[in-house]
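The block underneath contains the structure these notes are about, expressed in structure tokens.
Protein chains in written order, with this note's numbering: chain A, 1 to 276; chain B, 1 to 259; chain C, 1 to 282.
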């Protein structure tokens with residue numbers, strides 16, 4: 001087989017691979033949306049859950065999901081960005097920072113169920129928060145903290161040193177340097193991390209079953225239990241309570257992810273345009 | 001960004017707990033019934049919120065002991081000794097049916113055959129009837145009241161086969177059996193639906209009537225457990241569970257009332 | 001005045017960072033504190049190598065689950081890595097900018113689909129197919145491998161793609177100038193050069209596959225036995241924790257934490273490997 005045909009075959013193989021990947025994606029999305037969208041009506045989105053999910057809608061789960069995601073991000077982001085700034089700007093590279101970074105990377109990689117175990121034993125039982133939005137978001141915050149630290153750190157580090165030099169040369173203080181130059185440039189990266197974290201919070205199931213619980217009611221305070229959309233989907237699908245409503249919930253989930261992803265792209269695009 | 005923070009603080013502080021609430025957790029067999037009756041109760045008492053979590057009978061016992069839930073639900077033939085300090089109220093009875101896929105031609109099992117199937121002595125459907133194929137046993141996990149009761153009443157001292165697959169609730173076992181023609185498992189009689197076939201056991205059909213008559217032997221009580229005397233709200237709900245209205249709903253929906 | 005404000009903010013940042021770091025330490029410490037005593041009391045080797053797991057008789061051996069996790073992860077890599085790297089090569093080398101701009105976000109969308117949806121699709125579609133055409137219960141290593149393979153595709157693709165595209169253009173141009181075809185360039189120049197980045201992506205994908213819980217519980221059947229074929233049902237370490245943590249107390253709970261410790265250590269090893277791989281590149 002001569003070289004030219006090998007080349008052609010190789011190109012074709014790679015194209016095939018890409019097409020197969022995209023095909024899988026499209027099939028999955030179509031399967032979910034096709035079966036699910038016919039269930040998703042305004043009623044579905046705004047009605048309470050009845051008969052453990054066989055009837056009614058998914059409104060409480062939407063509220064719970066939003067509540068959990070927002071709360072966990074509010075808790076995790078300041079902590080994470082602060083740590084990232086601290087690690088990159090206020091310390092020198094020494095053993096301590098290396099250990100911290102390694103630790104954060106490891107925690108970013110450990111299976112989420114371990115956070116679930118931790119959250120269940122620590123927040124639900126030991127601290128007696130019970131199954132609640134509080135237990136859920138605290139556990140989620142712990143889970144996404146390392147991820148946001150890592151992405152923020154990389155984003156901040158990648159901002160060229162020259163920018164900071166210029167700031168000092170112009171007479172600015174270190175803080176001004178950070179605030180006005182570094183953070184804005186690093187913002188797309190940081191935001192990606194936050195949105196990644198939010199995505200994890202919305203899709204996370206095992207952790208939430210054991211920390212936020214299965215309540216079908218709208219959570220009225222942080223101490224109420226509430227089931228997120230992903231948990232509701234899991235329950236409906238697994239127990240065979242209502243396959244069609246399961247599809248409906250999945251459709252809403254997938255569309256939410258779509259929206260979140262698009263927003264993140266939009267933000268990144270605008271920031272890229274603004275600062276480069 | 002600030003707007004988001006405002007809205008979320010609104011959630012945090014604005015909606016103070018104007019409702020009273022109790023939490024139940026435990027038996028997945030009783031969970032849908034508890035949920036249904038909680039709905040009925042909440043319609044009568046709109047300022048009360050009742051949350052029902054699942055997790056299995058052992059979780060119900062554990063969380064009741066630790067006071068994390070107001071009422072633990074456990075459906076076991078015999079409660080473990082950890083549960084001794086708890087106040088127990090029986091609210092219903094529930095039978096366990098051995099089920100196979102509806103396409104399976106087998107329709108009955110003796111207790112000896114059941115023991116052999118679930119312990120792995122009998123591994124092929126042809127040993128029981130005309131159908132051929134590997135018998136796939138599906139069981140519940142260890143913390144399940146249904147599992148513990150089944151183990152005690154059917155298996156006795158015999159151990160479950162090493163090849164058993166596990167699912168974590170009555171509903172998931174039912175779905176697994178519904179899709180696999182070669183599988184066999186057990187669920188609460190209250191969970192039976194078309195799609196799975198309950199097997200006649202030792203000549204007795206697994207129905208609620210037969211349990212009440214005392215001729216179908218695989219059944220267990222459903223306990224409501226509280227740590228010490230139930231709280232005021234919990235007591236009210238327990239009283240409701242024992243009322244005629246609640247018991248008739250329990251009966252209508254597929255469990256066995258205690259009246 | 002501005003100087004003092006600066007100093008205060010600096011202190012606040014330090015405080016924030018310390019709080020965050022202490023949270024991470026508390027989590028790590030808690031897991032090890034709950035798990036290690038069990039490991040030392042009952043013996044690590046016994047824990048890892050015993051295939052008997054039966055909480056009611058106090059037997060806690062996770063050998064079957066280690067194998068389960070291993071088989072499922074290897075399977076996921078088999079399905080996900082070749083497909084992923086090929087797709088990455090296509091996107092990095094053979095696709096033009098517009099196609100890349102369209103396809104890359106689409107692939108990242110794959111990453112956003114909740115794992116339980118994947119598991120659901122596995123249960124509804126994949127398991128029955130495997131059961132009917134290949135035999136076995138359908139809930140098997142094979143089903144998990146396929147689903148997990150799809151789940152790690154976005155990770156492998158985007159990291160590999162970034163590594164290839166980050167290579168200096170001179171590599172490719174030099175190779176072409178010497179008369180090599182595109183495929184030869186890819187095979188003999190670009191891939192070896194991007195090797196460490198791609199490897200890092202694969203390792204990350206592996207970490208994701210090991211850590212997946214919900215989808216795995218749905219499609220593996222959770223049998224506690226040593227698997228011999230890809231059609232066998234297995235239980236992974238993560239599934240075991242999820243299935244039993246609700247009611248485990250005492251030694252049983254400690255055993256679950258010990259499993260968590262094992263997973264933690266394994267991820268530490270993976271991460272160390274990534275560091276070495278990246279260091280070699282530089």
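Note that the Cβ used here is the ideal one computed from N, Cα and C, for glycine as well.
Where residue i meets chain C, residues with beta-carbon distance less than 7 Å
| i | result |
| --- | --- |
| residue 141 of chain B | 243 and 244 |
| residue 136 of chain B | 137 |
| residue 78 of chain A | 16 |
| residue 203 of chain B | Ordered by position in chain C, no residue passes the 7 Å Cβ test against residue 203 of chain B, which lies about 30 Å from the chain. |
Residues that residue i contacts on chain B, provided the C-beta gap is smaller than 7 Å
| i | result |
| --- | --- |
| residue 52 of chain A | 32 and 35 |
| residue 138 of chain C | 180 |
| residue 66 of chain C | Going along chain B, no residue has its Cβ under 7 Å from residue 66 of chain C, so there is no contact; the nearest lies around 17 Å. |
As assigned by DSSP and simplified to three states, the class of residue i
| i | result |
| --- | --- |
| residue 173 of chain C | helix |
| residue 207 of chain B | coil |
| residue 116 of chain A | helix |
| residue 271 of chain B | Since the first residue of chain B shown is 1 and the last is 259, residue 271 of chain B is not available in this structure. |
| residue 2 of chain B | Unreliable placement is indicated for residue 2 of chain B, whose pLDDT of 47 sits below 50; the coordinate value is still reported in the next sentence. Helix at residue 2 of chain B. |
| residue 80 of chain B | coil |
| residue 261 of chain B | In the structure as shown, chain B begins at 1 and stops at 259. Residue 261 of chain B is therefore absent and cannot be evaluated. |
| residue 195 of chain B | coil |
| residue 21 of chain B | strand |
| residue 204 of chain A | coil |
| residue 41 of chain C | helix |
| residue 101 of chain B | strand |
| residue 101 of chain C | helix |
| residue 51 of chain C | coil |
| residue 14 of chain C | helix |
| residue 254 of chain A | helix |
| residue 162 of chain B | coil |
| residue 15 of chain B | Confidence at residue 15 of chain B is low in this model, with a pLDDT of 44, below 50, so the placement of that residue should be treated as unreliable; the coordinate-derived value is given next. Looking at residue 15 of chain B - three-state DSSP - the assignment turns out to be coil, as it is neither helix nor strand. |
| residue 216 of chain B | coil |
| residue 148 of chain A | helix |
| residue 266 of chain A | helix |
Where residue i meets chain B, residues with beta-carbon distance less than 9 Å
| i | result |
| --- | --- |
| residue 128 of chain A | 66, 67 and 68 |
| residue 213 of chain A | 23, 25, 51 and 53 |
Chain-ordered chain C contacts of residue i [CB-CB under 8 Å]
| i | result |
| --- | --- |
| residue 166 of chain B | 221, 222, 223, 224, 235 and 243 |
| residue 233 of chain A | 114, 116, 117 and 120 |
| residue 261 of chain A | 105, 108, 109 and 112 |
Listed by chain order, chain B residues near residue i by CB distance under 8 Å
| i | result |
| --- | --- |
| residue 225 of chain A | 23, 51 and 53 |
| residue 133 of chain C | Neighbours of residue 133 of chain C on chain B: none; closest Cβ ~14 Å, over 8 Å. |
| residue 128 of chain C | 179 |
Expected contact under 8 Å - CB spacing of residue i and residue j to nearest Å
| i | j | result |
| --- | --- | --- |
| residue 239 of chain C | residue 217 of chain C | 5 Å |
| residue 254 of chain C | residue 34 of chain C | 6 Å |
Proximal chain A residues relative to residue i, where beta-carbon distance stays under 7 Å
| i | result |
| --- | --- |
| residue 293 of chain C | As shown, chain C starts at 1 and ends at 282. That puts residue 293 of chain C outside it, with no answer to give. |
| residue 90 of chain C | 14, 15, 17 and 18 |
Partners in chain C for residue i, counting only beta-carbon separations shorter than 9 Å
| i | result |
| --- | --- |
| residue 102 of chain A | 268, 271, 272 and 275 |
| residue 62 of chain B | 246, 247, 248 and 249 |
Amino acids of chain A, ordered along the chain, whose beta-carbon sits closer than 9 Å to that of residue i
| i | result |
| --- | --- |
| residue 182 of chain C | 7, 10 and 11 |
| residue 220 of chain B | Simply none; closest approach about 20 Å. |
Neighbouring residues, chain A, relative to residue i (Cβ below 8 Å)
| i | result |
| --- | --- |
| residue 171 of chain B | 238, 239, 240 and 241 |
> Is it true that the region 60–77 of chain A meets the region 188–204 of chain A, where meeting means three or more beta-carbon pairs spaced less than 8 Å apart?
Replying inline: The region 60–77 of chain A is in contact with the region 188–204 of chain A.
>> Using a Cβ distance threshold of 8 Å, determine whether the region 111–130 of chain C contacts the region 42–52 of chain C, with at least three qualifying pairs required.
In response: By the Cβ test, the region 111–130 of chain C is not in contact with the region 42–52 of chain C, since fewer than three Cβ pairs between them sit closer than 8 Å.
>> For a minimum of 4 consecutive residues, which ranges assigned as the alpha helix (DSSP H) are wholly contained in the region 200–273 of chain C?
In response: Whole alpha helix (DSSP H) segments, 4+ residues: 214–220 and 237–244.
> Between the region 207–219 of chain B and the region 127–139 of chain B, are three or more C-beta pairs nearer than 8 Å?
Replying inline: The region 207–219 of chain B vs the region 127–139 of chain B: no contact.
> Between the region 145–159 of chain C and the region 64–83 of chain C, do three or more beta carbon pairs fall short of 8 Å?
Replying inline: The region 145–159 of chain C and the region 64–83 of chain C touch, with no fewer than 3 CB-CB distances between them shorter than 8 Å.
>> Pairs of beta-carbons, one from the region 224–239 of chain C and one from the region 157–174 of chain C, closer than 8 Å: are there three or more?
In response: These segments do not touch.
> If you pair each beta-carbon of the region 83–90 of chain C with each one of the region 167–185 of chain C, do three or more pairs fall below 8 Å?
Replying inline: Judged by Cβ distances under 8 Å, the region 83–90 of chain C makes no contact with the region 167–185 of chain C, as fewer than three pairs qualify.
> Are three or more beta carbon pairs between the region 239–254 of chain B and the region 103–115 of chain A nearer than 8 Å?
Replying inline: Contact between the region 239–254 of chain B and the region 103–115 of chain A is not established, with fewer than three Cβ pairs separated by less than 8 Å.
> Three or more beta-carbon pairs under 8 Å between the region 194–202 of chain B and the region 95–115 of chain B, yes or no?
Replying inline: As far as the Cβ criterion goes, the region 194–202 of chain B touches the region 95–115 of chain B, which means the pair count is three or higher.
> Between the region 132–151 of chain B and the region 165–180 of chain B, are three or more C-beta pairs nearer than 8 Å?
Replying inline: With the cut-off at 8 Å, the region 132–151 of chain B and the region 165–180 of chain B touch.
> Can we say the region 260–272 of chain A touches the region 184–193 of chain A, given the rule of at least three CB pairs closer than 8 Å?
Replying inline: Counting Cβ pairs under 8 Å, three or more are found: they touch.
>> Can you confirm whether the region 84–94 of chain A touches the region 204–221 of chain A when touching is taken to mean that 3 or more C-beta pairs between the two stretches lie within less than 8 Å?
In response: They do not touch, by the three-pair rule.
>> Which complete alpha helix (DSSP H) runs does the region 225–250 of chain A hold, if anything under 4 residues is left out?
In response: Correct list: 229–239.
> Which residue spans inside the region 48–108 of chain A form an unbroken alpha helix (DSSP H) run of at least 4?
Replying inline: Taking 4 residues as the shortest admissible run, the region 48–108 of chain A contains the following complete alpha helix (DSSP H) segments, listed from N- to C-terminal end: 59–89.
> Given 8 Å as the limit, is there contact between the region 138–145 of chain A and the region 70–84 of chain A, that is, 3 or more CB pairs closer than that?
Replying inline: Between the region 138–145 of chain A and the region 70–84 of chain A, the count of Cβ pairs shorter than 8 Å is three or higher; the stretches touch.
>> I'd like the ranges of any alpha helix (DSSP H) spanning at least 4 consecutive residues and lying wholly in the region 115–157 of chain C.
In response: Counting only runs of 4 or more, we get 115–121 and 127–133.
> Touch check for the region 261–279 of chain C and the region 49–57 of chain C: three-plus C-beta pairs under 8 Å?
Replying inline: Touching, no.
> Would the region 146–162 of chain B and the region 59–69 of chain B be scored as touching if the rule is three or more Cβ pairs under 8 Å?
Replying inline: In this structure the region 146–162 of chain B does not touch the region 59–69 of chain B; the number of beta carbon pairs closer than 8 Å is below three.
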